[in-house]
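What follows is a set of notes on a single structure, which appears directly below.
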Amino acid sequence: MPTALARSPHQDASIDLAVSRLVAEFGHRLDQQTVVGVVRSCRQDLSGSPADALPELVERLARYRLTQD
Amino acid sequence: MGYVDVAGVRFTLPDGRVLLDDVSFRVGEGACAALVGENGAGKTTLLRIISGDLSPDGGSVARTGGLGVMRQFIGSVRDDITVERFLVDLAPPAVRDAWDAVEAAELAMMEADDEPTQMAYASALAHWGDVGGYDVEVTWDTVTVAALGVPYDGCKYRGLDTLSGGEQKRLALECLLRGPDQVLLLDEPDNYLDVPGKRWLEERLIETRKTVLFVSHDRELLARVADRVVTVEGGGVWVHGGDWAGYPAARTARHERMAELRKRWDEEHERLVDLVRTLQQQAKNSPDMAARYHAMQTRLAKFEAAGPPPDRPPEQQVAMRLRGGRTGIRVVVAGQLELTGLMKPFDLDVDYGDRVAVLGANGAGKSHFLRLLAGQDVPHTGSWRLGARVVPGFFAQTHAHPDWLDRTLVDLLWHGEPGRPGVDRGRAMATLRRYGLAAQGDQLFRSLSGGQQARFQVLLLELSGATLLLLDEPTDNLDVLSAESLEQALAAYDGTVVAVTHDRWFARTFDRFLVFGADGRVYEAPEPVFDEARVQRTR
Ligand SMILES: Nc1ncnc2c1ncn2[C@@H]1O[C@H](COP(=O)(O)OP(=O)(O)OP(=O)(O)O)[C@@H](O)[C@H]1O
Ligand SMILES: [Mg+2]
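Chains A and B, in that order, give the protein sequences.
Its first residue numbered 234, the first sequence is counted upward by one per residue in the working numbering.
Its first residue numbered 7, the second sequence is counted upward by one per residue in the working numbering.
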């Protein structure tokens, strides 16, 4: 469980990390644009989640959706 | 701010006895009210009715402000829980539920990592944030640092049973006093606390703006903290609106008034009965008198139906007896003894007849030392032995007796155990009567109140013929009269006593003081030492 609710305005910086990790992982069969799109929509679907937990939640969900594609 | 309003509450025990009848009182905003009464009077039951654990047979409880509850036997019931779970259980219901939902969602994710499960987890986390869960976690961190000296993350998975009784109490108190609940019900919060801990509690209770209803038998705490006193006795409750200083006089005056009212009722009753009898005679010859006779009969019937006013509650009777017996001069000899990781090696000689009080901060290893002498497995180095004819008798209220819980007192006494012969029902009842437990003879051990359990354990010591008493916090849970009776029994005891205690008043009746210091040093002091600092140990 995350320990604190950090309301950083730059929270999407950590989502960028998720993007680069996922691009490395799925880049061989999906183009970067698709990965970024999926991550964005996950980010959107998960809005309302605690900021601190967001990067992990987004990455997890995006990985799941990319695997299903 | 919050208050508690109890109106006309009635509670019947499973065996049919009425424990509480027509109980009404109010604890107003910001009050710090003491709840007192002899062991078994119904204090814990009343708190459990207020908290909603038990439902009364009649009457109602109203309250506002969120309720935080600390139970009398912390840690001894569900020993296998973690510090984390313990703190969750002390949190307000909304936080508790949100926490449980997050845990369930985490578990579900281990099973399946699909989208619905992930979304459920995300929304459980969002809900955790909404109920203020993240702030609560910050508070927990403050709380564990204050109570145990370690951050929350460093101790959350620790078993609660690895904390000493005092540490558990301190943890619960820190949590409730810093938490959001505005009404606190504290059942014997001072039990097991070391003396600095008790002083800390006194200060916190004085300064808190919360509404507090607390049970205590400790006269120092009562005197310093209570601004009103709620007494449970004779199946009812009455409130003294002042502090503890004026309480004994108020109680005496009340009892005298009750006795006086009762006496008047009895006299009036007798007068009416006589009158009826006389009129009955006269009615035989006079029809005029017959009408008066019937009128008088009705009046008597009404008078009796209204019932007598309650009599003053009977004085409590407790007479503990501890016999002991002659042993060799040397009773305990320890050489360079060290309980692993708890203290520096020390030497100790205890002689026949000594009264040794073991003092020191919570967590210093005092209880472990007693358990070692009682023959339990406690890791240690160095040597120790008991002298000739020394039979240890061990008393500890935190010691769980799972095998006792579902047996009656008479049954436990009948069977005896190694070192304690069984006794027949007649003898058992006679002994129970001396301990104020006559009505409890056929009750299961688990249903006894805290103080009744403590009294019963002293009774077992009496029957065991122990010649060395090892007592771990014996006066905790005991009401004032029982504690005094124990003191008298110890004074008359022919044997040796080693007792761990944080009871300032009780400690002064001892003649040797063995202090477990905060720095790990064990030393003897000529006077009781109560202000050894908290043990700083890396855990
Ligand atoms: N199942 C039961 N059957 C009969 N009596 C019971 C049962 N459960 C509890 N009691 C009795 O209810 C009474 C009230 O218990 P309670 O725990 O409320 O007392 P208390 O005032 O808190 O005492 P203490 O100071 O010792 O903590 C006791 O006499 C106890 O023996
Ligand atoms: Mg109680």
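The beta-carbon is built from N, C-alpha and C at its ideal position, and this holds for glycine as well.
- Interface residue (Cβ-Cβ distance to chain B less than 7 Å): arginine 254 of chain A is not classified as such.
- Straight-line measurement puts the Cα of phenylalanine 516 of chain B at about 55 Å from the Cα of leucine 113 of chain B.
- When C-alpha distances from valine 75 of chain B are compared across B:Val464, B:Asp63, B:Leu53, the shortest belongs to B:Leu53.
- In the structure shown, the three-state DSSP call for phenylalanine 309 of chain B is helix.
- Among the residues facing chain B, leucine 279 of chain A is included, as its CB has a counterpart in that chain under 7 Å away.
- If you draw a straight line from the Cα of valine 528 of chain B to the Cα of leucine 484 of chain B, it is about 28 Å long.
- Of all residues, those with a beta-carbon under 7 Å from at least one heavy atom of ligand 2 are B:Lys49, B:Thr50, B:Gln78, B:Asp193, B:Glu194, B:Val221, B:Ser455, B:Gly456, B:Gly457, reported in chain order.
- In the structure shown, proline 534 of chain B falls within a coil segment according to DSSP collapsed to helix, strand and coil.
- Rounded to whole angstroms, the gap between the alpha carbons of leucine 192 of chain B and histidine 275 of chain B is 44 Å.
- Per DSSP, the beta bridge partners of histidine 246 of chain B are B:Val235.
- Taking all protein chains shown into account, isoleucine 56 of chain B has 16 or more neighbouring C-beta atoms within 10 Å of its C-beta and is therefore buried.
- In the structure shown, the three-state DSSP call for proline 398 of chain B is strand.
- Serine 280 of chain A and aspartate 86 of chain B have their alpha carbons spaced roughly 38 Å apart.
- Non-local beta-carbon contacts of tyrosine 163 of chain B in its own chain, meaning distances under 6 Å to residues more than five positions away in sequence, involve Thr88 in chain order.
- Cβ neighbours of glycine 399 of chain B within its own chain (closer than 6 Å, five residues either side excluded): Leu467, Ser470, Ala472, Leu475.
- Every alpha helix (DSSP H) of 4 residues or more that sits fully in the region 264 to 345 of chain B is shown, in chain order, as 293 to 312.
- Proximity of the region 200 to 207 of chain B to the region 351 to 371 of chain B meets the contact definition, three or more beta-carbon pairs being nearer than 8 Å.
- Exclusion of the five residues before and after glycine 36 of chain B leaves Met7, Arg215, Thr217 as the residues of its chain whose Cβ lies within less than 7 Å of its Cβ.
- Residues Met264, Leu267, Arg268, Trp271 of the same chain have their beta carbon placed closer than 8 Å to that of proline 315 of chain B, with the five preceding and five following residues left out of the count.
- Put simply, the backbone Cα of arginine 283 of chain B is about 41 Å away from that of glycine 442 of chain B.
- Counting the other CB atoms within 10 Å of its CB gives threonine 387 of chain B a total below 16, which places it among the exposed residues.
- Under the DSSP assignment, methionine 125 of chain B falls in the alpha helix (DSSP H) whose first and last residues are 121 to 136.
- Of the heavy atoms belonging to ligand 1, none sits nearer than 6 Å to the Cβ of asparagine 291 of chain B.
- Distances taken from the Cβ of proline 20 of chain B to the heavy atoms of ligand 1 include one shorter than 6 Å.
- Burial is judged here by how many other beta carbons sit within 10 angstroms of a residue's own beta carbon; valine 29 of chain B has at least 16 and is buried.
- DSSP, read as helix, strand or coil, puts alanine 39 of chain B in strand.
- In this structure, the CA atom of aspartate 21 of chain B is about 44 Å from the CA atom of alanine 152 of chain B.
- Residue pairing of aspartate 478 of chain B in beta bridges, as defined by DSSP: B:Ala402, B:Val506.
- Spanning the alpha carbons of tyrosine 9 of chain B and leucine 73 of chain B requires a straight line of approximately 10 Å.
- The beta carbon of glutamate 173 of chain B is closer than 8 Å to those of Ala153, Leu154, Asn368, Gly369 in its chain, skipping five residues each way along the sequence.
- The beta carbon of tyrosine 253 of chain B is closer than 7 Å to those of Val235, His246 in its chain, skipping five residues each way along the sequence.
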